[in-house]
Amino acid sequence: MKGGGLVAALALFSLLTPVAAFARGVRLSHQHHRLPGVAQRPPSPLLPRTAIVPHREERIVSMSSAGSGVALTRLKSRLWSVGWLSWWAQIILSTVSGVLLLFANSVSQSLSAATIAGRLLALVGLAASFVSAFWSWGYTRLSTKLDKRSTPVGEAAVKATSTLRMGLAINLFGMGMSILGAEAIVGTLAAKTLTQGSALVATASGASGFVQALDVLIVQANTNTIAAHFFGLCAVMRIQGAADVAAISASTKSV
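According to mature numbering (1 follows the signal peptide of the UniProt record, and there is no 0), the stretch in the sequence shown is residues -21 to -1, 1 to 234, in order.
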């Protein structure tokens, strides 16, 4: 019996010895990775969710309000600066075009139907250019109105977008009429060039059948009108970018 107990004790000791060695190795490994001389920070208790979420929401709201203010300021600045720049560009180009077209129509004698149609379309495009210049001046008035009334960013974006849509329609209509007028005018000049042949001297009665300097002035006037509408379209796209940013800021703030 004593020999059997001794054998059982030796077997139990042989089984427990590897387990104890493994546990000791794990403990030594943890002590090895721990930095010497640095006190370990005790685990901090978990804060309740109600203590974290309100501060996070307040921070998000403050960031959204700051972004909305910046977007509104940028929109008003774009309306003012780009509006005035577009107004000056369109007024100068439209005035030059108007002077050239009025001079050409006052000194012209006999005109063909195609020439009359081209000049009428050019005059319609010129009238739309003056309307567009007046509408660009309205952008600056809208900027002043938004500044005086302290309009919210969402409402300011809606007003600016509706105003810009009307300006876009005016510029597209005027540019379309001017392009159609250019087609008629240039077509008439091409027909004159092809039919005048190799004649070098024109009589007083047949001078209208030749390309004259007056015809080139009409082409220049119509080109100025197209350029005026182009500046109007560029202004609309420039301001619309700021209006889109303001609308996004308003939607983010509401969420």
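We treat Cβ as the ideally placed atom computed from N, Cα and C, and that holds for glycine.
From a predicted model like this one, the values you see are computed outputs, not experimental measurements.
- Can you tell me which of the three DSSP states T130 falls into? Coil.
- Item | Which listed residue (A83, G220 and F209) has its alpha carbon closest to that of Q191 | Residue A83 holds the alpha-carbon nearest to the alpha-carbon of Q191 among A83, G220 and F209.
- Query: From this set, G211, L100, T94 and L99, which residue's C-alpha is nearest Q69's C-alpha?
  - Reply: Taking only the C-alpha atoms, the option nearest Q69 is G211.
- Task: Would you kindly check if the distance between the Cβ of T174 and the Cβ of S76 is under 8 Å?
- Result: No, these two residues do not count as a Cβ contact at 8 Å.
- Message: Taking the straight line between their C-alpha atoms, what separation do you get for G146 and G220?
- Response: Within the model, the alpha-carbon separation for G146 versus G220 is close to 15 Å.
- With 16 other Cβ atoms within 10 Å as the buried cut-off, status of G97: A residue is called buried when at least 16 other Cβ atoms come within 10 angstroms of its Cβ; G97 meets this threshold and is buried.
- Task: Give the DSSP-derived three-state secondary structure of S89 in the structure shown.
- Result: It is coil, neither helix nor strand.
- Reference K171, options A93, T74 and L54, closest by Cα: Comparing Cα positions, the closest option is A93.
- Query: Rounded to a whole number of angstroms, what is the C-alpha to C-alpha distance between V137 and A222?
  - Reply: Answer to the nearest angstrom: the Cα atoms are 8 Å apart.
- Item | Alpha-carbon to alpha-carbon, A135 and T123 | Going by the C-alpha atoms only, they are around 12 Å apart.
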